[in-house]
Ligand SMILES: [Zn+2]
């Protein structure tokens, strides 16, 4: 897609369903909802929002960054994997969330039950509410997912019946887990090797395209900011080889993209 063809509104609105063909493997983003992020408080900027002077399109009319909440369905020959579990069928008003957050809305995944169908495994990038919501509710209304093994990073606080995954472990043919701690102790990212394209699922090592330009910015929820920066740097290195694209599921309606000249360039 030519950058000029991209609607400016997509930088500050919740994601819609989008798919990307990798060659033999397809990645589909399915939206569950969104959460509003306070543009200064989210990155502990002490009220200073001058970093956004060059990127006003990232800020919605509400004054927030819009972080989409959703899942990624990976489909290869004979296998299907779901990455993350959304917020679930719930909404939280702004005055009941954290000062760095506005409203949180979930539940959209219910309308994609037939798309999701049966999966072989669910990989949870980490155990925050906006990534494990449907799993904690037993996947009610999404019966093809409930019985699948749930995989989570070795060091992540999580239910005991979820299987543990190590750095470098192959989860499916061409799908490898990468330990990217910092946002949480056991945060996982994924590298997906298609025949034509390589996809890096960055998880919550990034929350906004602004962090592609200013990688030292950490979410106020990061448990270990130094390790978060290291993990973000590792992700940026993983994104360097030609033919590599990324899935950044919190990036408004530009969840698939690549890094070009130090900026996020949406694809799909
Ligand atoms: Zn998140």
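In the working numbering, the protein residues as written are 3 to 270.
Where is the CB? At the ideal position from N, CA and C, for every residue including glycine.
- Selection 158, 189, 18 and 260 evaluated against residue 69 yields 18 as nearest (Cα-Cα).
- For secondary structure counted as the beta strand (DSSP E) over 3 or more consecutive residues, the segment 26-84 holds these complete runs in sequence order: 28-39 and 67-78.
- Checking the DSSP bridge columns, you'll see residue 208 has no partner listed.
- Classified as buried, residue 199 has 16 or more neighbouring CB atoms from the shown chains inside 10 Å of its CB.
- Ranked by Cα distance from residue 193, the options 110, 237, 63 and 159 are led by 237.
- DSSP places residue 258 in the strand class (E or B) of the three-state scheme.
- In this structure, residue 73 places its C-beta atom within 7 Å of the C-beta atom of residue 84.
- Distances from the CA of residue 260 to each of 203, 220, 224 and 223 were compared; the closest alpha carbon is that of 203.
- A direct Cα-Cα distance of roughly 44 Å separates residue 53 from residue 79.
- Inclusion of residue 206 in the 6 Å shell around ligand 1 follows from its C-beta lying nearer than that to a non-hydrogen atom of the ligand.
- Assigned with DSSP and collapsed to three states, residue 172 falls in strand.
- Not one heavy atom of ligand 1 falls within 6 Å of the beta-carbon of residue 66.
- For residue 100, the shortest separation between its Cβ and any heavy atom of ligand 1 does not lie below 6 Å.
- Secondary structure note for residue 147: it is in no beta strand (DSSP E), and the uninterrupted alpha helix (DSSP H) holding it is 145-148.
- When distances are taken from the beta-carbon of residue 132 to the heavy atoms of ligand 1, the shortest one is below 6 Å.
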